[in-house]
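Asker: Sequential numbering from 1 applies to the sequence shown in full-length UniProt numbering.
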Amino acid sequence: MSFPVVLHVYDLTRGMARQMSMSLLGRQIEGVWHTGVFVYGQEYFFGGGIQAIHPSYVVGTYGQPVQTLTLGSTEVPAEEFAAFLREVSPRFTAATYNLLSHNCNNFSNEVAQFLLGTGIPQHILDLPNEVLSTPMGAMFRPMIENMQASMARSVHDHSGSTFSAPTPPAVPISTLPVANVPKSLASYTKPIVSSRSDLHFGRILRLVQASKAFTSDEAAAFSRLASFVATDNPDVSALQLPTDRSIWWTTIQSHFQQRPDSLFPALCLLRVVLAVEASLSLLLPTADVDVVAALLARVDGVHDGPSSATPSAHRILLLSVLVNGLVAPATSPRLHADALRFLPFVWSTWHGAPNSAAPVAAAVVFNLCRAPSADEILQLTLVGGCAEVLDVYAAAAAPAIDALAVERLVTGLGLLLREVPSTRALAAEVGLVHVLSRLKPKAAAAATLIMDVLALI
Numbered sequence: 001m002s003f004p005v006v007l008h009v010y011d012l013t014r015g016m017a018r019q020m021s022m023s024l025l026g027r028q029i030e031g032v033w034h035t036g037v038f039v040y041g042q043e044y045f046f047g048g049g050i051q052a053i054h055p056s057y058v059v060g061t062y063g064q065p066v067q068t069l070t071l072g073s074t075e076v077p078a079e080e081f082a083a084f085l086r087e088v089s090p091r092f093t094a095a096t097y098n099l100l101s102h103n104c105n106n107f108s109n110e111v112a113q114f115l116l117g118t119g120i121p122q123h124i125l126d127l128p129n130e131v132l133s134t135p136m137g138a139m140f141r142p143m144i145e146n147m148q149a150s151m152a153r154s155v156h157d158h159s160g161s162t163f164s165a166p167t168p169p170a171v172p173i174s175t176l177p178v179a180n181v182p183k184s185l186a187s188y189t190k191p192i193v194s195s196r197s198d199l200h201f202g203r204i205l206r207l208v209q210a211s212k213a214f215t216s217d218e219a220a221a222f223s224r225l226a227s228f229v230a231t232d233n234p235d236v237s238a239l240q241l242p243t244d245r246s247i248w249w250t251t252i253q254s255h256f257q258q259r260p261d262s263l264f265p266a267l268c269l270l271r272v273v274l275a276v277e278a279s280l281s282l283l284l285p286t287a288d289v290d291v292v293a294a295l296l297a298r299v300d301g302v303h304d305g306p307s308s309a310t311p312s313a314h315r316i317l318l319l320s321v322l323v324n325g326l327v328a329p330a331t332s333p334r335l336h337a338d339a340l341r342f343l344p345f346v347w348s349t350w351h352g353a354p355n356s357a358a359p360v361a362a363a364v365v366f367n368l369c370r371a372p373s374a375d376e377i378l379q380l381t382l383v384g385g386c387a388e389v390l391d392v393y394a395a396a397a398a399p400a401i402d403a404l405a406v407e408r409l410v411t412g413l414g415l416l417l418r419e420v421p422s423t424r425a426l427a428a429e430v431g432l433v434h435v436l437s438r439l440k441p442k443a444a445a446a447a448t449l450i451m452d453v454l455a456l457i
């Protein structure tokens with residue numbers, strides 16, 4: 001059964017932007033957009049959390065939509081969509097809201113990506129940053145934020161549903177550990193592989209199949225792959241290798257080259273293929289160079305644009321593909337050789353407000369450091385980049401520190417210093433002793449790792 005997916009676009013200023021923008025901002029804008037996604041009979045939007053409400057209540061607060069855009073139809077069941085909203089809800093709270101980089105339009109875009117594999121119009125995503133980040137626009141930012149907050153509170157009073165992650169079960173006191181076992185550099189013996197279920201391989205696969213983008217052979221090969229990754233103890237004999245592998249790569253290459261509208265699903269497929277290939281103890285031939293080239297071109301395109309224009313889901317997915325590509329035998333040599341090309345995109349994750357992509361970006365750095373290159377420029381880039389990012393965390397309040405990202409960055413840095421002694425003098429020159437000493441009291445979980453790295457320097 002298919003369900004229509006409609007984007008409702010509202011003007012937060014109720015026409016003021018259209019009337020006054022030229023005189024106040026020096027450019028004409030039609031509105032400051034708030035969006036909600038209408039599907040399954042409810043309108044879903046981000047306002048003080050994820051809300052689900054009948055559109056009539058939204059109209060009472062925001063007025064009639066200035067645009068109603070039919071985005072497409074989805075085969076995703078309502079129950080699966082509700083599970084997705086519960087999963088992402090920790091990223092969409094009153095505390096994480098940012099008018100420029102993490103707003104209702106970013107939420108609508110992620111919902112559209114989940115349901116359809118394509119996002120909302122780019123001009124809607126770009127407008128807040130283009131207008132309100134200007135010196136004159138910044139004067140009006142508090143007013144817009146207050147209007148948004150006031151309207152969100154009004155709608156919240158009528159909200160039929162909110163979504164949050166399920167509360168974990170209480171742990172009996174007798175089972176609580178007395179203390180965590182400190183981690184040391186010696187405990188990190190394996191690379192990181194992204195096989196996270198929250199990137200929804202099964203749903204993406206169903207979406208591609210529903211769009212009739214697969215031949216029967218392709219559908220069968222990817223269905224076997226989906227079954228393989230969904231099994232706790234997978235049996236490689238369930239895959240028809242090498243035939244399935246040839247189909248996977250050929251299909252992904254085709255999507256990259258001939259179906260630019262399906263790039264997001266293609267990246268999802270590639271992430272899982274790379275994760276499986278990284279886990280198989282098989283001698284696999286090199287991947288098609290066109291796929292790796294297309295991946296790097298996509299990373300280039302994202303990095304060349306404003307970082308705020310990259311939806312969080314896209315950034316996490318691209319980073320996850322890089323994480324796995326650095327481990328999978330078929331792609332690892334090419335990506336390690338081109339690390340200087342994609343590292344600016346990785347470092348840009350930490351430009352601006354904290355975001356959920358940081359641990360994945362740190363995993364890319366970890367995998368690069370774990371198998372260090374002889375390229376001195378790359379070594380300099382890794383040491384200097386780690387110093388810069390860790391300094392940001394060292395200057396932050398303890399609650400704002402992403403413990404997992406810090407752990408991966410510190411560990412990767414330590415592995416690099418251990419394996420390439422010549423980098424230790426560089427670490428001292430860029431001030432890492434001072435950075436790590438400031439960070440240590442705020443990152444208790446990584447304290448032992450930090451001491452290991454300081455000992456190396």
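Just so you know, even glycine gets a beta-carbon here, dropped at the ideal spot from N, CA and C. Just so we're clear, the structure is a prediction, and the values are computed from it rather than from any experiment.
Would you mind stating whether residue 358 and residue 346 have Cβ atoms separated by less than 8 Å?
Answerer: No, these two residues do not count as a Cβ contact at 8 Å.
Asker: Residue 33 bridges to which residues according to DSSP?
Answerer: 11
Asker: Buried or exposed, going by whether 16 or more other CB atoms sit within 10 Å of the CB of residue 111?
Answerer: Here residue 111 is buried: its Cβ has 16 or more other Cβ atoms, across all protein chains shown, within 10 Å.
Asker: So, is residue 128 buried or exposed, given that buried needs 16 or more other C-beta atoms within 10 angstroms?
Answerer: It is buried - the Cβ of residue 128 has at least 16 other Cβ atoms within 10 Å.
Asker: Is the region 2–10 touching the region 36–53 in the sense that three or more CB pairs, one from each, lie closer than 8 Å?
Answerer: yes
Asker: Is the closest heavy atom of the ligand GDP to the C-beta of residue 48 under 7 Å?
Answerer: Only the bare structure without any ligand can be found here, which leaves the ligand GDP out of the picture.
Asker: Taking just the CA atoms, how far does residue 340 sit from residue 535?
Answerer: With the chain running from 1 to 457 in the structure shown, residue 535 is simply not present.
Asker: Using three-state DSSP, classify residue 233 as helix, strand or coil.
Answerer: coil
Asker: Can you say whether residue 2 is buried or exposed, counting buried as having 16 or more other CB atoms within 10 angstroms of its CB?
Answerer: exposed
Asker: Using the C-alpha atoms, what's the distance from residue 185 back to residue 40?
Answerer: 50 Å
Asker: Would you identify the three-state DSSP class for residue 447, choosing helix, strand or coil?
Answerer: Helix, per DSSP.
Asker: I need the straight-line Cα distance from residue 92 to residue 50, nearest angstrom please.
Answerer: Here the alpha carbons of residue 50 and residue 92 stand approximately 6 Å from one another.
Asker: What does DSSP give as the partner residue(s) for residue 103 in the beta ladder?
Answerer: Residue 103 pairs with nothing; no bridge assigned.
Asker: Here's a check: name, in chain order, each residue in its chain whose Cβ is nearer than 8 Å to the Cβ of residue 432, leaving out the five neighbours to either side.
Answerer: 383, 386, 387, 390, 413, 453 and 457
Asker: Quick check on the burial criterion: 16 or more other C-beta atoms within 10 angstroms. Buried or exposed for residue 266?
Answerer: buried
Asker: How many whole angstroms separate the CB atoms of residue 321 and residue 271, which I take to be in contact at a CB cut-off of 8 Å?
Answerer: 5 Å
Asker: Comparing alpha-carbon positions, which option in 73, 71 and 38 lies nearest residue 56?
Answerer: 38
Asker: From 241, 396 and 295, pick the residue whose C-alpha is nearest to that of residue 264; which is it?
Answerer: Closest option to residue 264, Cα to Cα, is 295.
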